[in-house]
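**Student:** Residue numbering for the sequence shown follows the numbering used here, starting at 3 and increasing by one per position.
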Amino acid sequence: MREYKLVVLGSGGVGKSALTVQFVQGIFIEKYDPTIEDSYRKQVEVDGQQCMLEILDTAGTEQFTAMRDLYMKNGQGFLLVYSINSQSSFNDLVDLREQILRVKDTDELPMVLVGNKCDLEDERSVGKEQGQNLARHWGCAYLETSAKAKINVHEGISHSWFSL
3 MREYKLVVLG SGGVGKSALT VQFVQGIFIE KYDPTIEDSY RKQVEVDGQQ CMLEILDTAG
63 TEQFTAMRDL YMKNGQGFLL VYSINSQSSF NDLVDLREQI LRVKDTDELP MVLVGNKCDL
123 EDERSVGKEQ GQNLARHWGC AYLETSAKAK INVHEGISHS WFSL
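1. Tell me the DSSP secondary structure of D40 in three-state form.
2. Can you tell which of K106, G28 and Q132 has its C-alpha closest to the C-alpha of M74?
3. Would you mind sorting S41 into buried or exposed? The rule is 16 or more other CB atoms within 10 Å of its CB.
4. Buried or exposed: N154, going by 16 or more other Cβ atoms within 10 Å of its Cβ?
5. Rounded C-beta distance between K150 and D121? I'm assuming under 8 Å.
6. Can you look up K7 in the DSSP assignment and give me helix, strand or coil?
7. Please name the residue in K18, A61, Y6 and N118 whose C-alpha comes closest to that of E47.
8. With A137 as the anchor, note down where its alpha helix (DSSP H) starts and where it stops.
9. How should T108 be labelled, buried or exposed, when 16 other C-beta atoms within 10 angstroms of its C-beta is the threshold for buried?
10. Which partner residues does L103 have in the DSSP bridge list?
11. Between which two residues does the beta strand (DSSP E) containing Y84 stretch?
12. Under three-state DSSP, which class holds L145?
13. Rounded to a whole number of angstroms, what is the C-alpha to C-alpha distance between E32 and G77?
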């Protein structure tokens, strides 16, 4: 069975763990508990073939940034997650993407830009068009998701592994 390694990256509190757990286990985690590193495995079907998807849910907080190079080196696909109600989490992704490209030494990588927490429309500070424009500039897919409302969770993660 083929295996794919997907790395979920983004600032602290944007919902990386909530998205991952919603995809793998079908439950929403309400409480924020900062992640150091969690790995999940789920069998998925790609083009009629069963594959094992390993999802690495990474730390978003600053004290664990030294571990990022290793995640990036081992990853085959990347989910870059920001929260639609946090402009700073959106801005942080530019540097994260640059770091991925530097570590992988390539400009061509399966990547999906994810605007999470789209259920919080009233608190939105990052416009949908901002996300679409950045994804277009990067040449990657863009989706808005909500782990809480189960919006585009499977689509967001499947976009990334289908690109592998």
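Built from N, CA and C at the ideal position, the CB exists for glycine as well.
**Tutor:** A quick look at the data gives this:
1. strand
2. K106
3. exposed
4. buried
5. 5 Å
6. strand
7. Y6
8. K130 to W140
9. exposed
10. Per DSSP, none; premise fails for L103.
11. G79 to S85
12. strand
13. 27 Å
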